[in-house]
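Trainee: To start, I am sharing the structure in question, which I have written as structure tokens.
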Amino acid sequence: MRELTVGLIGRGDALDSLAHAARYRPGIRLAGRVDPGAPLPDADRLIGAGSSSSERAAVVALALAAGRRIAMPPLLALDDEARRALASGSIVQVSPLVGYAPLREVAERVRRGEIGRPYGLFALHHLPRDAAADLDARLADLLHYVLEVLESPVVRVYARRSALFGEQNDTWHSILHLAGEMLVTLEVAACLSAGWPEPERLLVEVTGSDAVLRAEPTRQAVHATKRDGLTRAVPWWPDPTAGYLEAALARLEQPDPPSELRYLEVLSALLSAATEQQAVRLADTGA
């Protein structure tokens, strides 16, 4: 059976991790890796790993120009090019958070109805204080994941961007009201001090009529005990990149999920709410 060839687009640590995962994944062969804006590799499947807004926008332009389908993290741009790419299926969005097995399990259990009728979701992603520049991308990743877990229409949103730990905006607080009286609260903050034991903190909790699901995939550690009896916890969890790779490959085989343009509508509403400092109601036909 012929190996599936995979080409990667991106730069930095994210691309290195994705290339490593691709090399050791049976059944596929890494056909090449390029920076955003460079000619696309000749491969059966194309996957992006960019994190910044400019990198993700460059991948969108590549997909539209080449007529190729690319799986990549959620878009940050709200322009006509982004909408065209999603509507045509040129861009298939995959949140990097689905790389975490506990978060995939939460999503599956909610879809199977194991918590009964969901009526609340709380999620937070805390980053080091020097990661404020990545805040919008992390909000986009969390928002896309949540909108795939809860498929009800979003009725109204409120959001606030704040500078709590420095001069640059370093905190997002967002509230989404969904149909059926569901309430979603999202918190993304570059708030962890240099002495914080974990490099980041990620938590998702979904409350339903029959059960509550709570996942903290970054709250794992290896406990090392010395001869003198002192024990130290060293934060550790599996690299989520392999899970992201699997999700991207699977998504490229499927028709476009109906939530893709819905995600852009909700993101646009959150940005407007943060700018205008007031709640924004989404159109009945939008989300």
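In the working numbering, the protein residues as written are 244 to 530.
Every residue gets a Cβ at the ideal spot worked out from N, C-alpha and C, and that includes glycine.
Decide if Y487 is buried, meaning its Cβ has at least 16 other Cβ atoms within 10 Å, or exposed.
Mentor: Answer is buried; the Cβ neighbour count reaches 16.
Trainee: To the nearest angstrom, how far is it from the Cα of L346 to the Cα of D453?
Mentor: Distance between the alpha carbons of L346 and D453 is about 19 Å.
Trainee: Evaluate R524 with the Cβ neighbour count: other Cβ atoms within 10 Å of its Cβ, from every protein chain shown; 16 or more gives buried, anything less gives exposed.
Mentor: Exposed, because fewer than 16 other Cβ atoms sit within 10 Å of the Cβ of R524.
Trainee: Starting from Y401, follow its DSSP beta bridges and name the residues at the other end.
Mentor: Beta-bridge pairing links Y401 to I418.
Trainee: Leaving out five residues on either side along the sequence, give the residues of the same chain with a beta carbon under 6 Å from the beta carbon of G529.
Mentor: Because the pLDDT at G529 is just 43, under 50, the model does not fix this residue reliably, and the point stays unresolved.
Trainee: Measuring straight from C-alpha to C-alpha, what distance separates L513 and A383?
Mentor: Cα to Cα, the separation comes out at about 10 Å.
Trainee: Can you look up L532 in the DSSP assignment and give me helix, strand or coil?
Mentor: Past the boundaries of the shown model lies residue 532; the chain is included only from 244 to 530, so the question cannot be answered.
Trainee: Which of helix, strand or coil does DSSP assign to E448?
Mentor: Three-state DSSP puts E448 in a strand.
Trainee: Go through its chain and collect everything with a Cβ distance to M425's Cβ below 7 Å, but skip five positions before and after it.
Mentor: Only P361, Y362, G363, L393 and S395 meet the Cβ criterion.
Trainee: Drop a sphere of 10 angstroms on the beta-carbon of G255, count the other beta-carbons inside from all chains shown, and report buried for 16 or more, exposed for fewer.
Mentor: Counting Cβ neighbours within 10 Å, G255 comes out exposed, since fewer than 16 surround it.
Trainee: How about A264 and A458: do their beta carbons lie closer than 7 Å?
Mentor: No, they are not a contact pair.
Trainee: List the endpoints of the continuous alpha helix (DSSP H) containing G486.
Mentor: That run of the alpha helix (DSSP H) goes T484 to L495.
Trainee: How is the alpha helix (DSSP H) around V389 delimited, first residue to last?
Mentor: L378 to V392 is the span of the alpha helix (DSSP H), which, as asked, contains V389.
Trainee: Buried or exposed for Y267, going by 16 or more other Cβ atoms inside 10 Å?
Mentor: Looking at its Cβ environment, which holds fewer than 16 other Cβ atoms inside 10 Å, Y267 is exposed.
Trainee: Tell me, please, which residues DSSP counts as bridged to G250.
Mentor: Paired residue(s): G275 and L289.
Trainee: With respect to the beta strand (DSSP E) encompassing V431, which residues constitute its N-terminal and C-terminal limits?
Mentor: Where V431 is concerned, the enclosing beta strand (DSSP E) stretches over M425 to L435.
Trainee: Among the residues of its own chain, which have a CB less than 7 Å from the CB of A309, if the five just before and after it don't count?
Mentor: Cβ within range, chain order: L283.
Trainee: Residues in the same chain with beta-carbon distance under 8 Å from C434, minus the five sequence neighbours each way, listed in chain order, please.
Mentor: Once the five neighbours on either side are set aside, the close Cβ partners of C434 are H369, L370, R372, L407, F408, D413 and T414.
Trainee: Tell me whether L386 is buried or exposed, calling it buried when 16 or more other Cβ atoms sit within 10 Å of its Cβ.
Mentor: So L386 ends up on the buried side.
Trainee: In whole angstroms, what separates the C-alpha of A262 from that of A330?
Mentor: Their backbone Cα atoms lie some 28 Å apart in a straight line.
Trainee: What would DSSP say about A320, mapped onto helix, strand or coil?
Mentor: It is coil, neither helix nor strand.
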